[in-house]
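Colleague: Letter 17 of the sequence shown, counting from 1, is numbered 23 in the working numbering, and no numbers are missing. I'd like to ask you about the structure that follows.
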Amino acid sequence: MPPKIKDLIAALEQAGFVNRGGKGSHRNFVHPRVAKPVTISGGLGDDALRYQIRAVKIAVEESKP
């Protein structure tokens, strides 16, 4: 069973990312050490898609010192 969107958002926020908003169901998360923002779309209770899980994993690893 894939993680939910709210789980991905929690992982990003725990790693120090900040939600700078977005349009509709899209949220853009930025971090000072990560070059590109991470965009997460969907409702909080929706299942996360594979590309979203991969993007969050890569961004969290990149944010580590």
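All residues carry an ideal CB built from backbone N, CA and C; glycine is no exception.
Where Arg39 and Ser69 are concerned, what is the direct C-alpha to C-alpha distance, given to the nearest angstrom?
Modeller: Residue mapping note: residue 39 aligns to position 33 of the sequence shown, counting from 1. Residue mapping note: residue 69 aligns to position 63 of the sequence shown, counting from 1. So the alpha carbons of these two residues sit roughly 5 Å apart.
Colleague: Going by DSSP, which residues form a beta bridge with Val66?
Modeller: As a first step, residue 66 is located in the sequence shown; it is residue number 60 there, counting from the start. DSSP output for Val66 lists no bridge partner at all.
Colleague: Excluding the 5 residues flanking Ala65 on each side, which residues of the same chain have their C-beta closer than 6 Å to its C-beta?
Modeller: Stepping through the sequence shown from its first residue, residue 65 is reached at position 59. The residues are Val40 and Val44.
Colleague: Just checking, does the region 13-27 make contact with the region 44-55 on the three C-beta pairs under 8 Å criterion?
Modeller: The region 13-27 is in contact with the region 44-55.
Colleague: Taking buried to mean at least 16 other C-beta atoms within 10 Å of its own C-beta, is Leu18 buried or exposed?
Modeller: As a first step, residue 18 must be located in the sequence shown, where it is residue number 12. So Leu18 counts as buried.
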